[in-house]
Structure formats: structure tokens, C-alpha cells
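Here the sequence shown is numbered in the numbering used here, starting from 466 and rising by one per residue. Yeah, the Cβ is synthetic: ideal placement off N, Cα and C, and Gly gets one too. Okay, structure first, notes after.
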Amino acid sequence: MTQNYEDNGWIKFKYDAKLYDWLKIVSREVFSEIQNHDNRNNWLRYQGTWFAGVNVLKNNIQGAVVGGLRLDTDSSRWALEKFNVQEIKWDKGQVSVCYPGYPKPAHSESLAAFKYRLKKAAAHVDGLHPIGKEKIRKLKEQHAFILGIPVTLSSKKASPLVVWEGSQKIVKHYFKKSLSNVDPNDWGNIDLTTLYHQARREIFQSCRKVEIHATPGESYIVHRMALHGVAPWDGRAKADKDGRVIIYFRPEVKFSKMGWLNDP
466 MTQNYEDNGW IKFKYDAKLY DWLKIVSREV FSEIQNHDNR NNWLRYQGTW
516 FAGVNVLKNN IQGAVVGGLR LDTDSSRWAL EKFNVQEIKW DKGQVSVCYP
566 GYPKPAHSES LAAFKYRLKK AAAHVDGLHP IGKEKIRKLK EQHAFILGIP
616 VTLSSKKASP LVVWEGSQKI VKHYFKKSLS NVDPNDWGNI DLTTLYHQAR
666 REIFQSCRKV EIHATPGESY IVHRMALHGV APWDGRAKAD KDGRVIIYFR
716 PEVKFSKMGW LNDP
């Protein structure tokens, strides 16, 4: 499994009863946050077809909501072993919801950006933020991995997460080229725009795009440097009345920043 992760940049975990039990309690909090008026004002985008829900889940560092269970599952235990740590401090979960028709045009997004969202699933590397009007790319976060946990049932074409397999190796090559001789404390100040665009072009030409589909009780982990995005909603796709709902965690773990850059 670890080899698949290092080769492809993602792995999927089979149904886990502990995760399903965790989800039964967490899902109540999830739907409460989705319906929260302030959250909908802040996070409902693309003419109501995507609720971004960044960090809206009120879990603690153990991954538990009030009255709920800590996040102790097959996927979390794999991560403990993979990163050789005693604990993972979970960030506030993102609640990502896609609805039929995603994406519709948004006033806040240029036509070129919208076309990129349609054709390339808005592919990006997490932590590499577009800064300012010129969208200069700078590395502002160094999380350890992305954990995806489906909340609702949906068909395979209901805006699945997509990953370009092996893309993490190309991104790492370009990151190392730019950052290896830079003090890690200064990484966030380095303009990575040109190299990032070069990496993306290389990835689109050479890496296979795969769609990741899972059901409640299953989960998946995506490499911290993998190029990934969300596919448009296929007209034939089906989902629960609540849409395609997924919780994403992007925790940090205790390894050096140079380890973050160099480790598999």
C-alpha cells in the first residue's frame, strides 16, 4: 500500500466500521454547518453548485466533534506509521459539497479560469497559494497529506476528486529545484509561479488522470504534492438530495521542513 502511495500519489482504504461509526456522529455536525446561514454566505459558490466549506467542521485536534469519537481509523493509523509519528493533530475539516451542474460560471472568476476549471478540474497543489491580482504562486502551507472521507452516497461521475498519478514526483522535482538551497523559513516568500506552470504542463502531458470514488465508511489519502482537482458534475450522475459531500483534512505532522521537501 505504501509503495502504491509513493508511486501513484494516492491510496484508497476499504470500508472501515470505525470510520463509519465516527461518521454517524460527525455527519450531524456536517449538515448543520452546510445549512448555517453565515457559512452559506461565505462558501456557496458557482451559482450554488459548490459549497467550499473550508475549515467549517468544529472538530478538535483528535478529529472529534462534541459528543463524537476521535478519528482512529485504518487510514489514520496508516498515516501514523507512514510518517513515523505518535499522533496526528487534525485541522478543522473542510466540508466540500458539489451539486448537480457544478461548475456554473462565477462573477469572481475569469473566463480563462472557468475554462481551466471545466477542462482541467481546476487542478492545483494544496498549499501553493495564488497571491495578489497577478496570482503569484507562493508556498504558504506545508501539510502532510490530504485525507478524504465521503459523507453521502453518490455515483462515480458526481464531481469526483481527480488526481494525476505520479504528479507528486514532478512537483517535488520542481520544488527541490527552487527551494533546496533556501532557508525553509523563507519558502513562503519565493515566487514559484513559472516553475509551477512548467510542472503542470509536464504533468498534463505525461501523467494519467484518475477519478477517485468512495462511499461512506471508505476513505483515501492523497500525497501532499499531488496535482488534483474536482471534476465537473456529469449530467448522468446521481447523489443523495444533499449532494456529493466529502470531508477533507490536511494535517501537519512533526517532521522537518526539509523532510517535507525530500521525503517520499
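Which class does residue i belong to by DSSP, given the choice of helix, strand or coil?
| i | result |
| --- | --- |
| H608 | coil |
| V710 | strand |
| S619 | strand |
| A586 | coil |
| R505 | helix |
| R602 | strand |
| W652 | helix |
| Q512 | coil |
| A704 | strand |
| H662 | helix |
| L726 | helix |
| K719 | coil |
Run the CB neighbour count on residue i, radius 10 Å, all protein chains shown included, and call it buried at 16 or more, exposed below.
| i | result |
| --- | --- |
| A577 | exposed |
| I596 | exposed |
| Y480 | exposed |
Within the continuous beta strand (DSSP E) that includes residue i, where are the two ends?
| i | result |
| --- | --- |
| K477 | W475 to F478 |
| G694 | H693 to V695 |
| H594 | L593 to I596 |
For residue i, which residues in the same chain have their Cβ closer than 8 Å to its Cβ, ignoring the five residues on either side in sequence?
| i | result |
| --- | --- |
| G653 | K603, L604 and K605 |
| A571 | R510, Y511, Q512 and F579 |
What is the residue span of the alpha helix (DSSP H) that residue i lies within?
| i | result |
| --- | --- |
| I499 | A482 to Q500 |
| F566 | First, the amino acid is wrong: residue 566 is Gly here, not Phe. Counting along the chain, G566 falls outside any alpha helix (DSSP H), and DSSP gives it neither H nor E. |
| I635 | S632 to L644 |
| W543 | D539 to F548 |
What residues in its chain sit with their C-beta under 7 Å from that of residue i, if we drop five residues either side in the sequence?
| i | result |
| --- | --- |
| D486 | L534 |
| V590 | V636, M690 and L692 |
By Cβ distance, which residues of its chain are closer than 6 Å to residue i, with the 5 residues on each side in sequence left out?
| i | result |
| --- | --- |
| D699 | K622 |
| I711 | S561, G613 and P615 |
Does the Cβ-Cβ distance between residue i and residue j come in under 8 Å?
| i | j | result |
| --- | --- | --- |
| K637 | M690 | yes |
| T617 | R701 | no |
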